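Participant: To start, I am sharing the structure in question, which I have written as structure tokens.
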Amino acid sequence: MAEWNGRGCRPMSLGINIGKPKVAGSCPPAIDKELRFREGSGMRMNGAAPGCRINSILQRSRAIRLRLAAPSTQWICNDCRRTFASSIQSRQQQQQQPASSQRVGQDEKTTHFGYQTVAEDLKAGRVRDVFSSVASNYDTMNDLMSLGIHRLWKDHFVRSLNPGIPPSSRSHHPSHQGMKILDIAGGTGDIAFRHLDHSSTINADPYTSVIVSDINPDMLAEGRKRFAASPYNATGRVSFLEANAEELGAVESSSIDLYTVAFGIRNFTHKQKALEEAYRVLKPGGVFACLEFTPQLRNPLLNAVYKRWSFGAIPLIGQIVAADRDSYQYLVESIERFPSQQEFAGMIRKAGFLIPGQDPEDEVVRSGWEDLTMGIAAIHKGVKPA
Numbered sequence: 001m002a003e004w005n006g007r008g009c010r011p012m013s014l015g016i017n018i019g020k021p022k023v024a025g026s027c028p029p030a031i032d033k034e035l036r037f038r039e040g041s042g043m044r045m046n047g048a049a050p051g052c053r054i055n056s057i058l059q060r061s062r063a064i065r066l067r068l069a070a071p072s073t074q075w076i077c078n079d080c081r082r083t084f085a086s087s088i089q090s091r092q093q094q095q096q097q098p099a100s101s102q103r104v105g106q107d108e109k110t111t112h113f114g115y116q117t118v119a120e121d122l123k124a125g126r127v128r129d130v131f132s133s134v135a136s137n138y139d140t141m142n143d144l145m146s147l148g149i150h151r152l153w154k155d156h157f158v159r160s161l162n163p164g165i166p167p168s169s170r171s172h173h174p175s176h177q178g179m180k181i182l183d184i185a186g187g188t189g190d191i192a193f194r195h196l197d198h199s200s201t202i203n204a205d206p207y208t209s210v211i212v213s214d215i216n217p218d219m220l221a222e223g224r225k226r227f228a229a230s231p232y233n234a235t236g237r238v239s240f241l242e243a244n245a246e247e248l249g250a251v252e253s254s255s256i257d258l259y260t261v262a263f264g265i266r267n268f269t270h271k272q273k274a275l276e277e278a279y280r281v282l283k284p285g286g287v288f289a290c291l292e293f294t295p296q297l298r299n300p301l302l303n304a305v306y307k308r309w310s311f312g313a314i315p316l317i318g319q320i321v322a323a324d325r326d327s328y329q330y331l332v333e334s335i336e337r338f339p340s341q342q343e344f345a346g347m348i349r350k351a352g353f354l355i356p357g358q359d360p361e362d363e364v365v366r367s368g369w370e371d372l373t374m375g376i377a378a379i380h381k382g383v384k385p386a
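Its first residue numbered 1, the sequence shown is counted upward by one per residue in UniProt numbering.
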């Protein structure tokens with residue numbers, strides 16, 4: 001913020017760091033933006049208190065140039081205390097943005113990054129940067145975005161899949177051992193731990209193994225750190241793979257019993273390609289399972305309340321907790337851009353999977369997915385035909 005006085009414009013500290021001027025009336029260094037306040041442009045403060053200096057200054061000068069440090073900078077009259085924003089600069093930015101988007105669209109294929117439009121080949125890198133930023137606070141992030149119940153969802157998700165092979169059925173399994181699970185976008189190991197715990201305690205299966213795959217090395221580093229301090233560290237039941245879910249060249253075709261992805265697929269650039277890759281690596285009869293946030297709640301009133309929380313509180317808390325508002329803003333926006341339950345079920349079906357709740361003629365007789373907590377999240381499953 002800035003304050004008018006007899007000598008010019010002086011920045012004021014109101015939570016916006018725009019630097020300090022060397023002398024009163026000078027502008028912060030290294031700033032390249034200019035704002036012109038012109039008489040008759042709508043910036044004149046009609047009806048101002050007698051003696052208000054803004055009117056007298058505008059009358060004496062056709063233009064006053066002020067260098068700004070931030071597009072959200074506001075200004076206040078020292079006499080009448082009225083405030084106004086840098087609207088001209090904002091309009092300039094809005095005018096430039098469509099032109100920029102148009103240039104990108106003409107030159108190359110684009111996709112969405114939250115509410116932004118970016119080149120397809122840039123999205124993976126941007127997503128990688130987001131998760132590098134939040135890797136150490138990943139569980140806190142999910143606590144905020146799910147109101148703390150993502151842990152219950154994950155428990156239910158894994159229980160519904162029943163990973164592991166009990167002793168009575170192990171002799172019928174082709175490998176005579178446990179299941180081979182691929183957990184995609186699972187860098188921190190949150191789902192992998194649950195798979196191993198369930199297979200060991202519920203199915204008495206000490207053989208089932210998990211490949212934890214993630215495109216982000218920082219997320220994988222968090223997972224390795226957690227497993228190093230766990231009882232599974234020396235068992236050989238966990239391995240880590242840095243890979244793009246759309247190109248799992250290191251995973252053989254028809255080699256996986258269970259493919260899981262929790263709160264990750266909405267960040268993929270080409271979701272359909274990732275689903276087709278999941279189909280490739282699964283064995284016939286193998287299961288694809290996805291746990292993900294949904295863009296709309298079933299109840300309109302609760303949906304409005306939840307959206308207000310998501311867009312109003314989560315980025316702010318991200319700024320306070322992790323000093324990273326932008327990453328949390330993207331994560332909220334990415335939920336809004338994810339397909340609806342119906343659309344995503346159609347994408348799974350298009351990849352070749354059989355959807356629970358469908359007859360052999362592909363006629364939908366049930367929903368084909370499971371909504372969680374009034375539809376904040378949903379579980380999707382598909383089976384590769386035997």
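The C-beta atom is built at its ideal place from N, Cα and C for all residues, glycine as well.
Source: prediction; values computed, not measured.
Report the residue from H156, D205, F193 whose alpha carbon sits nearest the alpha carbon of S168.
Facilitator: The candidate whose alpha carbon is nearest that of S168 is D205.
Participant: Give the DSSP-derived three-state secondary structure of A378 in the structure shown.
Facilitator: strand
Participant: According to DSSP, which residues form a beta bridge with Y259?
Facilitator: L182, F288
Participant: Quick one: what does DSSP say D190 is sitting in, helix, strand or coil?
Facilitator: Three-state result, D190: helix.
Participant: Would you please state the rounded distance, in angstroms, between the beta carbons of W153 and A386? I believe it to be under 8 Å.
Facilitator: Contact flag wrong, Cβ pair sits at about 29 Å.
Participant: Assign R159 to buried or exposed, taking buried as 16 or more other Cβ atoms, counted over all protein chains shown, within 10 Å of its Cβ.
Facilitator: R159 comes out exposed.
Participant: What whole-angstrom Cβ distance do P295 and E336 have, given they're in contact under 8 Å?
Facilitator: 5 Å
Participant: Does D155 pass the burial test, meaning 16 or more other C-beta atoms within 10 Å, or should it be called exposed?
Facilitator: By the beta-carbon neighbour count (other beta carbons within 10 angstroms, threshold 16), D155 is exposed.
Participant: With a 10 Å radius around its C-beta and 16 neighbouring C-beta atoms as the bar for buried, classify L196 as buried or exposed.
Facilitator: buried
Participant: If you draw a straight line from the C-alpha of L68 to the C-alpha of A119, how long is it?
Facilitator: Unreliable placement is indicated for L68, whose pLDDT of 33 sits below 50; no coordinate value is reported for it.
Participant: List the whole-angstrom C-beta distance separating L297 from M179, where the pair is believed to meet the contact cut-off of C-beta under 8 Å.
Facilitator: Not quite, the Cβ-Cβ distance comes to about 34 Å (not below 8 Å), so this is no contact.
Participant: Applying the 10 Å Cβ sphere with the 16-neighbour rule, what's the burial state of P320?
Facilitator: The amino acid at residue 320 is misidentified as Pro; the sequence shows Ile. Exposed: under 16 other Cβ atoms inside 10 Å.
Participant: What ranges does the alpha helix (DSSP H) occupy inside the region 136-164, keeping only unbroken runs of at least 4 residues that lie completely in it?
Facilitator: 138-145, 150-161
Participant: When DSSP labels each residue in this structure, what does S239 get in the three-state scheme?
Facilitator: strand
Participant: Can you tell me where the beta strand (DSSP E) holding I211 begins and where it ends?
Facilitator: 209-214
Participant: Here's the rule I'm using: 16 or more other beta-carbon atoms within 10 Å means buried, otherwise exposed. How should E343 be labelled?
Facilitator: When all chains shown are included, E343 counts as exposed.
Participant: Can you tell me whether S254 is buried or exposed, with buried defined as 16 or more other CB within 10 angstroms of its CB?
Facilitator: exposed
Participant: In chain order, what residues of the same chain have a beta carbon less than 6 Å from the beta carbon of L161, not counting five sequence neighbours either side?
Facilitator: A289
Participant: Under 6 Å Cβ to Cβ from Y328, same chain only, skipping five residues before and after it: list those, please.
Facilitator: I314, P315, G318
Participant: Work out the CA separation of P166 and D326 for me, nearest whole Å.
Facilitator: Here the C-alpha atom of D326 lies approximately 46 Å from the C-alpha atom of P166.
Participant: Out of Y138, L291, F193, which has the shortest C-alpha to C-alpha gap to D218?
Facilitator: Y138
Participant: Need the endpoints of the alpha helix (DSSP H) that residue 394 sits in, please.
Facilitator: The structure shown does not extend to residue 394, since the chain is modelled only from 1 through 386, so no value can be given for it.
Participant: Would you kindly work out how many angstroms separate the C-alpha atoms of Y330 and D190, rounded to a whole number?
Facilitator: 22 Å
Participant: With distances taken from CA atoms, which of K350, A185, W369, D324 is nearest R259?
Facilitator: The displayed chain sequence assigns Tyr, not Arg, to residue 259. The shortest Cα separation from Y259 among K350, A185, W369, D324 belongs to A185.
Participant: S230 lies in the alpha helix (DSSP H); which residues open and close that run?
Facilitator: Unbroken run through S230: none, as it is neither H nor E.
Participant: In three-state terms, what does DSSP make of L354?
Facilitator: strand
Participant: Could you tell me the alpha carbon to alpha carbon distance between F293 and Q272, rounded to whole angstroms?
Facilitator: 17 Å
Participant: If you follow the alpha helix (DSSP H) that F338 is in, where does it begin and where does it stop?
Facilitator: Taken as a continuous stretch (DSSP letters only), F338 belongs to no alpha helix (DSSP H), as it is neither H nor E.
Participant: From M223 to A250, what does the alpha carbon distance come to, in whole angstroms?
Facilitator: In the sequence on display, residue 223 carries Gly and not Met. Rounded to the nearest whole angstrom, the CA to CA distance from G223 to A250 is 19 Å.
Participant: Note the first and the last residue of the continuous alpha helix (DSSP H) segment covering Q319.
Facilitator: Element bounds for Q319: 314-322.
Participant: Put K109 into one of helix, strand or coil per three-state DSSP.
Facilitator: coil
Participant: Out of V305, D214, P163, point me to the one whose CA is closest to I265's CA.
Facilitator: Sorting V305, D214, P163 by C-alpha distance to the C-alpha of I265 places D214 at the top.
Participant: Let's test the definition: count the other Cβ atoms within 10 Å of the Cβ of K109 and tell me whether it reaches 16, buried, or not, exposed.
Facilitator: exposed
Participant: Could you have a look at V281 and say whether DSSP puts it in helix, strand or coil?
Facilitator: Residue state, collapsed to three classes: helix.
Participant: Around the Cβ of N203, are there at least 16 other Cβ atoms within 10 angstroms (buried) or fewer (exposed)?
Facilitator: buried
Participant: In the structure shown, what three-state DSSP assignment does V251 receive?
Facilitator: coil
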